[in-house]
Amino acid sequence: MAEALLADLEARDQAESLEAAVLLDLLVRAARQRNDYGDDVRAMAQRALAIKERLRGPDDAVVADSLFVHGMLLIDAGEYDAGGPLLDRALAIREKALGKDDLAVSEVLLEKANTLQFQGRFADAKPLYERAIVIREQRRGPNHADVAHVTHNLANLNLRMGEFVEARRLYLKTLDIRRAALGPRHIDVALTYVTMGVLYQNMGDYDAAAEVLTEAIAICREGEWRDSLLLSGALNNMGNVHWSLRKPEKARDAYLEAYDIKLKRLGPDHPDLVLELNNLGVAYKALKDYDAAIPRLERAIQLIEKRLGPDHYNLSPPLNNLANVLVLKGSYAEARPLYERALAIRVARLGRGHPDVAEAIMNLSGLALAEGKRAEALALAVEANGLALAQVRDTLAYLPESAALDLASARDEPHTILVEGWRTAKDDAPAWL
C-alpha cells in the first residue's frame, strides 16, 4: 500500500513532499520487519530525513521520527556506532518539541537503553530504562502492556549485571501484566518465559528453567512464530539447561536448531549469531570434537570484533571458551592471552568483584597450575573461590532446598582447583590446605 501511494505521489510530481517522506519511513519500518538492511532501504531512510529537514527544519518533531527510524535500521544491522547518534538527536528533538514526559520520548529512551545494554554499557542503560518506565506508568497506567515491555528489558539488564533477585521481581511483574493485558498464550508472555529461563538457570533452579522454557517453546510452535527468532532463543536457552544437567548431546541438538533458525533469518554475518556459535563450541568441546569447536568459537570472536570492536563485553565468553579448548589440546601459550583478555574485559565492564569475573580468574588459575606456576594458581583460585561463595550466599535464601544444593555444587570449580593443587602438592602442600 505504501509503495503504491508513494508511486502515486511521484506521478503527481510530489516526490519531495512531507507525505512522501512519511511513506518512506513506513517502507523502512516494513523492511526492518523482514530484516532487510540493504542499500535501497538505507537510501529511503536518508531520503525521508533529507526531505523533512528541508521542509520543516532540523529541529522539528517530524524530523525526529525519521532519525529514529533510520537509527533503528542501522542498529538492527549491527551498526551501533552509526545508529546511536541518530537516536541521540531524535531524543533531544523530541524532548524539546514534545516535553520530557511524552510517550515518544520513552520510545527513544527504551531503544537507546537496549542498544547500550547490548554494547555492555550496563550502568548507562539502567537510568534510561527507569525513566522510560516512569513515563509510561504516568501516561498509560501501571498495568499497561507498554509498561511491561520496559520492565522486561530492565529485568534483562539486572540479569546480565548479576542482580538476580531484582531481575526475578521484575520478570514476575512483567509476567503478571502481560498475562492480564494480552492473554496467557500471547507471544510476549513466551518472551518473558524465555528470559526467566535464563534467570532460573543462573540461579541453579534447573527444574524451574525447564518448565518456563518448555512453555515458551510450545507457545512459539503454535502458530506464526514457529520459525521466529524468539523460538531460536528459547531453544538456545533450553540447550543451556541440558548443558547444566550434563547432557551435551541434547544441548548440541538444541543449539543447532536455534542456530539454523537465526542463520536463515539474519544471514551469516550478523552479530546475533555469536550466542549460538559460542554455545555450539562449548558443546562440541564437551563431546571432545575439538575440530568442530574451534572454528565456531573463532567465528564468534570474528563477528563481535567486526561489528562491536575489540573490547566488547560479549567477547569474553568465546575468548574464554576458545582458550579452554586450546588448554585441552595442550596449547597453553596460545590460551593464556585469550584468558587474560577475557578477564580484562569483564573487570572493565563489571568490576573485579562481579561473579562472572570468577570464571575468568578460575580459568587462569587452572592454566597456571597446568604450567607449574603454583603460587599464581593458588592466589587466583582463592580469589575465584571467594567470589563464587559470595554469589551463592546472596542467592541461596531465595531458592528451594534442591535448587540451592544444585547452585552450590555448580559453583565448585575454584574449590576443585584448590583440591587439585593440594593433590599435586609437594613442598608447598600446607599453602593449599
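588 is the number of the first residue of the sequence shown in the working numbering; add one for each residue after it. The C-beta atom is built at its ideal place from N, Cα and C for all residues, glycine as well.
Taking C-alpha atoms, which residue in the options lies nearest to residue i?
i: Ala796; options: Tyr787, Leu925 and Ala803; result: Tyr787
i: Glu724; options: Asn701, Lys960, Asp689 and Val785; result: Asp689
i: Ser631; options: Leu818, Ala617 and Glu802; result: Residue identity differs from the one stated: residue 631 is Met in this sequence, not Ser. Among Leu818, Ala617 and Glu802, the Cα nearest to that of Met631 belongs to Ala617.
i: Ala677; options: Gln620, Tyr900, Asn701 and Asp647; result: Asp647
i: Gly671; options: Ala684, Lys683 and His657; result: His657
i: Phe655; options: Arg641, Val609 and Asp626; result: Val609
i: Ala607; options: Lys639, Val628, Lys872 and Arg629; result: Lys639
i: Pro771; options: Val737, Met748, Met790 and Ile806; result: Ile806
i: Leu862; options: Pro905, Arg939, Glu809 and Met790; result: Pro905
i: Asn622; options: Gly938, Leu816, Ala712 and Arg939; result: Leu816
i: Arg755; options: Met790, Val721, Val628 and Met949; result: Met790
i: Ala912; options: Ala870, Arg813 and Glu844; result: The identity of residue 912 in the sequence shown is Val, whereas the question assumes Ala. The residue with the shortest Cα to Cα distance from Val912 is Ala870.
i: Glu698; options: Arg681, Arg936, Tyr716 and Lys687; result: Tyr716
i: Lys834; options: Glu946, Arg727 and Lys872; result: Lys872
Taking Cβ positions, are residue i and residue j nearer each other than 9 Å?
i: Ala910; j: Leu890; result: no
i: Arg888; j: Leu902; result: First, the residue type needs correcting, since residue 888 is Ile and not Arg in the sequence shown. In contact: Ile888 and Leu902 (Cβ atoms closer than 9 Å).
i: Ala964; j: Leu956; result: yes
i: Leu874; j: Ile848; result: no
i: Ile764; j: Ala735; result: yes
i: Leu822; j: Ile804; result: yes
i: Ser952; j: Ala971; result: yes
i: Val944; j: Leu967; result: no
i: Phe709; j: Leu685; result: no
i: Ala651; j: Arg681; result: yes
i: Leu762; j: Val776; result: yes
Beta-carbon within less than 6 Å of residue i's beta-carbon, same chain only, minus the 5 sequence neighbours each way: which residues are those?
i: Ala669; result: Leu661
i: Gly784; result: Ala796, Val799, Leu800 and Asn824
i: Arg936; result: Gly707 and Tyr900
Whole-angstrom Cβ separation of residue i and residue j, contact assumed at under 8 Å?
i: Asn740; j: Ala768; result: With a Cβ gap of about 17 Å, Asn740 and Ala768 do not count as contacting.
i: Val914; j: Leu954; result: 6 Å
i: Ala838; j: Gly826; result: 4 Å
i: Ile932; j: Asp878; result: Ile932 to Asp878, Cβ: 27 Å. No contact.
i: Leu832; j: Tyr846; result: About 20 Å separates the two Cβ atoms, so there is no contact after all.
i: Leu703; j: Ala719; result: Actually they are not in contact, since the Cβ atoms of Leu703 and Ala719 sit about 12 Å apart, beyond 8 Å.
i: Ala635; j: Asp612; result: 5 Å
i: Leu853; j: Arg883; result: Leu853 to Arg883, Cβ: 16 Å. No contact.
i: Lys760; j: Thr738; result: 6 Å
i: Glu802; j: Tyr780; result: 5 Å
i: His857; j: Gly625; result: His857 to Gly625, Cβ: 13 Å. No contact.
For residue i, count the other beta carbons within 10 Å of its own beta carbon; 16 or more makes it buried, fewer makes it exposed. Which is it?
i: Val752; result: exposed
i: Asp792; result: buried
i: Gln620; result: exposed
i: Asn907; result: buried
i: Glu811; result: exposed
i: Asn701; result: buried
i: Ser918; result: exposed
i: Met748; result: buried
i: Asp1015; result: exposed
i: Arg641; result: exposed
i: Pro645; result: exposed
i: Ala714; result: Reading off the sequence, residue 714 comes out as Pro, not Ala. Counting Cβ neighbours within 10 Å, Pro714 comes out exposed, since fewer than 16 surround it.
i: Arg998; result: Low confidence applies to Arg998: its pLDDT is 46, below 50, so where it sits in the model is not reliable, and the reading given next is rough at best. The residue is buried, with at least 16 neighbouring Cβ atoms inside 10 Å.
i: Glu836; result: exposed
i: Arg939; result: exposed
i: Leu994; result: Per-residue confidence for Leu994 stands at a pLDDT of 47, beneath the threshold of 50, marking its modelled position as unreliable; the derived number appears in the next sentence. Under this definition Leu994 is a buried residue.
i: Ala712; result: buried
i: Asp733; result: buried
i: Pro855; result: exposed
i: Lys851; result: exposed
i: Arg691; result: Per the sequence shown, the amino acid found at residue 691 is Ala instead of Arg. With 16 or more Cβ atoms within 10 Å of its Cβ, Ala691 is classed as buried.
i: Ala947; result: buried
Any beta-carbon of chain B closer than 9 Å to the one on residue i?
i: Arg894; result: No chain B appears in the structure shown, which is made up of a single protein chain.
CB-CB under 8 Å to residue i, same chain, minus the five flanking residues each way: which ones, in chain order?
i: Gln706; result: Tyr667, Leu895, His899 and Tyr900
i: Leu605; result: Ile638, Lys639, Leu642, Arg643 and Val649
i: Met659; result: Arg619, Gly670, Leu674 and Glu698
Residues in the same chain with beta-carbon distance under 7 Å from residue i, minus the five sequence neighbours each way, listed in chain order, please.
i: Lys916; result: Tyr877
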